[in-house]
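Here the structure is laid out as structure tokens; the discussion comes afterwards.
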Amino acid sequence: MQPTPTPDSPAAAPPESLWAGLRDAIRGTSADYTRIPLRRAVFLLAVPMVLELVLESTFAVVDIFFVAKLGPSAVATVGLTESYLFLLYSIAMGLAMGITALVARRVGEGASEEASVTAAQALWIAVLASVPFAIAGIVWARELLALMGADAWTLQHGVGYMQWMLGGNVVILLLFVINAIFRGAGDAAIAMRVLWVANGLNILLDPLLIFGWGPVPAFGVEGAAIATTIGRGTGVLLQLWILFHGGRHIRLQAAQLAWRAGVVWRIVRTSLGGVGQMIVAMTSWIFLMRILASIGSEAVAGATIAIRVMMFTMMPAWGMSNAAATLVGQNLGAQQPERAEASVWQIGRYNMGYLLCIALLFFLLPRELVGFFSSDAQVVAIGGEWLRILSYSLFVYGWWMVSVQAFNGAGDTATPTWINVVFFWLIQIPLAWLLALHLQLGHSGVFWAVFVSETAVGLFTLWLFSRGRWKTVQV
């Protein structure tokens, strides 16, 4: 005798059109992602996360498009400043990993009060973490740029850019952390709409503040930083309003903001691995940029544009990977580890198909893509070369993104940290130095070192995920 389907069971779910599912994904639903059909759960979470990151990457591309009009040194200013911002991003993304894992696990367990308290304490951590970066960016901006090998133009015109970006970094941290709360709770559509507002405002303000118009003066490259800070700050205000007035899965109360050391420590402990893995990955990029800066501003500019193009085209894959983190966390909380694993393999197949298309684009049209942002022949040649080399590894990279997010969603942020130490610090950086400077391959040596290390780390991480130990992690 077959069991009678319940209203929440896959067998009872009525058929739904693609457009109806897309509408629900964008508007947000109160669906229980541990009980609805897995394909629908992936769709409802992945669509808003993909759209969220597509607009984020759209802003990155638009930003560098306008900055590139000021010349290679202006682009290099952005690239060198981002080398330090990568340290901040590593903290923000590491915190986001831990917060998403904790909130998702509590929501999966049905412990809504604990999920809200965790979210409230995460706000304190974000604010406190921003203080050292703000002080360093405001006081020592010129010295930090000089340390990275900035040219004379950057030291004269780029200091204000760094002061705005690092000085106002609290909006970056809060934007990451609060959207991680929404994603962990299953409110991915809210996170998407917040970034639409923030980055839409960025895009509108960028040309206005960089080049000036009417009574608005031209701030040059500094204007790009002012636009970014205003846009992100507006997004944070919107996030806070929604967070306290209620999403579909989580709502904060003012009393929950009272300092709770035990909860703070749990967040920090869970996030340390995520912060560590991101710091390892991001600091390896700082070393790579330092190597490129010793080769010339054109090498930095070409690499910066190539990275922006890569970010723009790969954000849908990151969005799908973020959906895996939420599904893994919530399903482990609901004591459904096999469903958690099935979601990762399903999303991995989607990622693989998408990135194979992007790899083909990078292989066939690398110079055309970079040439859209710069008319400097050397910058186009360098950036185009990196895009073509990247095309060889995207297939593996897509699986790496999903498997890493599975570890993070489970709360096992330590394993990816040690993987990154080996493949980025012990392999990528020494290999880049050896090929670029010792063997005198220049920027090409850096690009091939990235290909070797990231292909190897992708294969190893996927193998480790398949062993399944992440299913037993407790947070």
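Position in the sequence shown (first residue = 1) + 62 = this note's numbering. Note that CB positions come from ideal geometry on N, CA and C, so glycine has one too. None of the values given here were measured: they were computed from a predicted structure.
Determine the closest residue to residue i out of the options, with distance taken between C-alpha atoms.
i      : options                           : result
Ser455 : Arg529, Arg429 and Cys419         : Cys419
Gly282 : Tyr223, Val112, Ala421 and Ala163 : Tyr223
Ala317 : Val483, Gly415, Ala182 and Leu426 : Ala182
Gln392 : Val124, Arg97 and Leu423          : Arg97
Gly530 : Val390, Gln490, Gly520 and Asn413 : Val390
Ile240 : Gly230, Val256 and Gln225         : Val256
Val104 : Arg294, Gly381, Trp275 and Leu270 : Gly381
Ile357 : Tyr151, Ala166, Gln225 and Ser506 : Ser506
Gly230 : Ala191, Gly211, Ala214 and Trp215 : Ala191
Ser405 : Glu447, Ala518, Val458 and Pro99  : Pro99
Ala402 : Arg313, Ser465 and Thr332         : Ser465
Ala163 : Val535, Gly471, Val508 and Leu526 : Gly471
Val109 : Ala250, Ile304, Leu334 and Ile272 : Ala250
Pro269 : Phe128, Tyr416, Phe509 and Val432 : Phe128
I need the DSSP call for residue i, collapsed to helix, strand or coil.
i      : result
Val537 : coil
Trp202 : coil
Leu503 : coil
Ile312 : coil
Pro110 : helix
Tyr151 : helix
Ala188 : helix
Thr120 : helix
Thr139 : helix
Gln397 : coil
Asp213 : coil
Phe435 : coil
Pro77  : The predicted model places Pro77 with a pLDDT of 48, which falls under 50 and marks its position as unreliable, so this point remains unresolved.
Thr523 : helix
Gly473 : coil
How is the alpha helix (DSSP H) around residue i delimited, first residue to last?
i      : result
Tyr223 : Val221 to Gly229
Ile98  : Careful: Ile98 lies outside any alpha helix (DSSP H) and carries neither H nor E.
Ile292 : Val283 to His307
Leu236 : Val232 to Ala247
Val441 : Ala439 to Ser453
Arg352 : Ala323 to Ile357
Ala476 : Ala476 to Asn482
Ile491 : Ile491 to Trp495
Per DSSP, what are the beta-bridge partners of residue i in this structure?
i      : result
Val278 : Trp275
Just mark residue i as buried or exposed, buried being the case when its beta carbon has 16 or more other beta carbons within 10 Å.
i      : result
Tyr95  : buried
Leu521 : exposed
Ile252 : buried
Val201 : exposed
Glu144 : buried
Glu290 : First, the residue type needs correcting, since residue 290 is Thr and not Glu in the sequence shown. Result: buried.
Ala468 : buried
Glu114 : buried
Ile353 : buried
Trp462 : buried
Trp226 : buried
Gln301 : buried
Val140 : buried
Answer with yes or no whether the minimum CB distance from residue i to chain B is below 8 Å.
i      : result
Arg313 : Absent here is chain B; the protein component of the structure consists of one chain.
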